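Participant:
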């Protein structure tokens, strides 16, 4: 993969090199081969389920109102806790599975997070640690196996399954609800809503079981195996003094496990730490805005007339809520992902992320300033464009960046930390949105989300462009220069 670094001493040049893993392929990046399509199916399920779960939180919480609160809204704090519960579990999964994927290897861990998703779904739990674990696992598994010139496209394809998960969630909800129309709408049996939400949740088991075997039997990638060999054969103790890395001694090869101290040492250098800060803060600020809008779509749908509050029966209210969510998803959610798929290898990750944050801020600003005066058509158009630029922007690139910018040795754990910071942002907005909305009004909350998007654009400036950049080559060259400094 890498050629010898010019100017290095002969001893430094003897560092083990990763083999060339890229095949010559002149087709457009968005045209996938059969192995890539197979990998897309295996890795994409986790993100499909993540978006599916995110979508059904809104209708499920509305359905539970009829069972527990007589159709009235539960206390704002309880609403926030219900919506934050999924993300609290995700944070645990992202940290845990991210570290284990580097320490024990992708093969040893991949599939276990899906088993947790299946268990949580069967038990009707709302703390999907497995969904969180899928972020670093699928990102690292996919980037490890991707051709360098198509790596960003492959990751975008996998992440685009969120769009399909959201769309499928709205479709399944409407189909199941239609099946219950007679008992709920004609006979007034509102209690049948229990069957609706349980079936909607249970449907997600189908794709989960469909790919579990493939995940559990997926072999270790060549890139990860070689990265472990390089790390073991070039295991150097570095000490940073006066801003420069100097090798103090060479130690014996260790077991093929990512040592926490080695991870800490790597990110103790500012050139690496600022990148991790950038990926973490961008994801954190993005998810405050993204989940602030999507976990609380009912507030926005109310302005469109599809919030589930109008209608003569509970069934009609739920049906309107489902139609509104389907409209929003079809208009902006899915198209934005595939705009990224088509453009990421041509425009670059950094430009897309900057553009996305700024366009999100623009449309949030319009909605905040004109929240009560926009007509229905203008409101739908603005909201659909906001969703489009979330996904043709930072929502996708915040996932792609950690999978491409960090070396394989630390990739999964760094990705898990970045994703966990994003989910912390989602938790903040889930707990605070309803309280702030009731106290200050929706426009004020939208201005806060506007400010978060501007902050995300600023932190994006800390990140390098990673198109065509191989982080393992960069890391090898750093090790080689460190050896040279020893001599």
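In our numbering, the protein residues as written are 3 to 489.
Ideal Cβ positions, reconstructed from N, Cα and C, are used throughout, including at glycine.
Remember, predicted model here, so these are calculated numbers, not experimental data.
Report the rounded CA-to-CA distance for residue 179 versus residue 65, giving the unit in angstroms.
Facilitator: Taking the chain shown and counting its residues from 1, the one referred to as residue 179 is at position 177. Taking the chain shown and counting its residues from 1, the one referred to as residue 65 is at position 63. Approximately 11 Å, taken between the alpha carbons.
Participant: Excluding sequence positions up to five away, which residues of its chain have a Cβ less than 7 Å from the Cβ of residue 192?
Facilitator: Residue mapping note: residue 192 aligns to position 190 of the chain shown, counting from 1. Excluding sequence neighbours, residue 192 sits near 68, 186 and 316.
Participant: Taking contact to mean at least 3 C-beta pairs separated by less than 8 Å, is the region 402-419 in contact with the region 332-352?
Facilitator: yes
Participant: Taking Cβ positions, are residue 497 and residue 138 nearer each other than 7 Å?
Facilitator: Residue numbering for the chain in the displayed model covers 3 to 489; residue 497 lies beyond these limits and cannot be assessed.
Participant: So, at 6 Å on beta carbons, what are the nonlocal neighbours of residue 454 in its own chain, with the 5 sequence-adjacent residues on each side left out?
Facilitator: Residue numbering aside, residue 454 sits at position 452 when the chain shown is read from its first letter. So the list reads 287, 290 and 291, once near-sequence residues are dropped.
Participant: With contact counted as at least three CB pairs below 8 Å, one residue from each stretch, are the region 368-380 and the region 453-469 in contact?
Facilitator: Fewer than three pairs of CB atoms, one per stretch, sit closer than 8 Å, so the region 368-380 makes no contact with the region 453-469.
Participant: DSSP on residue 374, reduced to helix/strand/coil?
Facilitator: As a first step, residue 374 must be located in the chain shown, where it is residue number 372. Coil, per DSSP.
Participant: Report, in whole angstroms, the separation of the C-beta atoms of residue 202 and residue 329, which I expect to be a contact under 8 Å.
Facilitator: For the purposes of this step, residue 202 is identified with residue 200 of the chain shown, where counting begins at 1. For the purposes of this step, residue 329 is identified with residue 327 of the chain shown, where counting begins at 1. Residue 202 to residue 329, Cβ: 18 Å. No contact.
Participant: When you compare each of 117, 398, 412 and 153 to residue 269 by their alpha carbons, which one comes out closest?
Facilitator: Numbered from 1 along the chain shown, position 267 holds the residue referred to as residue 269. Comparing Cα-Cα distances from residue 269 to each of 117, 398, 412 and 153, the minimum goes to 412.
Participant: Would you report the Cα separation of residue 370 and residue 356, rounded to the nearest angstrom?
Facilitator: For the purposes of this step, residue 370 is taken as residue 368 along the chain shown, with counting starting at 1. For the purposes of this step, residue 356 is taken as residue 354 along the chain shown, with counting starting at 1. Roughly 21 Å between the two C-alpha positions.
Participant: Just the Cα atoms here: how many angstroms apart are residue 296 and residue 156?
Facilitator: As a first step, residue 296 is located in the chain shown; it is residue number 294 there, counting from the start. As a first step, residue 156 is located in the chain shown; it is residue number 154 there, counting from the start. The straight-line gap from Cα to Cα measures roughly 25 Å.
Participant: Roughly how many whole angstroms lie between the Cα atoms of residue 433 and residue 327?
Facilitator: The residue labelled residue 433 in the question sits at position 431 within the chain shown. The residue labelled residue 327 in the question sits at position 325 within the chain shown. A straight line joining the alpha-carbon of residue 433 with that of residue 327 spans about 22 Å.
Participant: Measuring CB to CB, does residue 339 end up less than 7 Å from residue 167?
Facilitator: Taking the first residue of the chain shown as 1, we reach residue 339 at position 337. Taking the first residue of the chain shown as 1, we reach residue 167 at position 165. It is not a contact, given that the beta carbons lie outside the stated cut-off.
Participant: In the structure shown, what three-state DSSP assignment does residue 204 receive?
Facilitator: Working through the chain shown from its first residue, we reach residue 204 at position 202. Correct three-state label for residue 204: helix.
Participant: Return yes when the Cβ of residue 439 is within less than 7 Å of the Cβ of residue 430, no when it is not.
Facilitator: Numbered from 1 along the chain shown, position 428 holds the residue referred to as residue 430. Numbered from 1 along the chain shown, position 437 holds the residue referred to as residue 439. It is not a contact, given that the beta carbons lie outside the stated cut-off.
Participant: Which same chain residues, not among the five before or five after residue 205, have their C-beta less than 6 Å away from its C-beta?
Facilitator: In the chain shown, the residue the question calls residue 205 occupies position 203. Cβ within range, chain order: 174.
Participant: Excluding five sequence neighbours on each side, which residues of the same chain lie with their C-beta closer than 7 Å to the C-beta of residue 450?
Facilitator: Within the chain shown, residue 450 is the residue found at index 448, counting from 1. Closer than 7 Å at the Cβ level, and outside the excluded window around residue 450, lies no residue.
Participant: Are the CB atoms of residue 422 and residue 93 nearer to each other than 7 Å?
Facilitator: Walking along the chain shown from the start, residue 422 turns up at place 420. Walking along the chain shown from the start, residue 93 turns up at place 91. Yes, these two residues count as a Cβ contact at 7 Å.
Participant: Please state whether DSSP places residue 258 in a helix, a strand or coil.
Facilitator: The sequence position of residue 258 within the chain shown is 256, counting from 1. Reliability fails at residue 258, whose pLDDT of 45 lies under 50, so the model's placement of it is uncertain and no value is given.
Participant: Which residue from 262, 408, 63 and 124 puts its Cα closest to that of residue 275?
Facilitator: Numbered from 1 along the chain shown, position 273 holds the residue referred to as residue 275. Relative to the Cα of residue 275, the nearest Cα in the group 262, 408, 63 and 124 belongs to 408.
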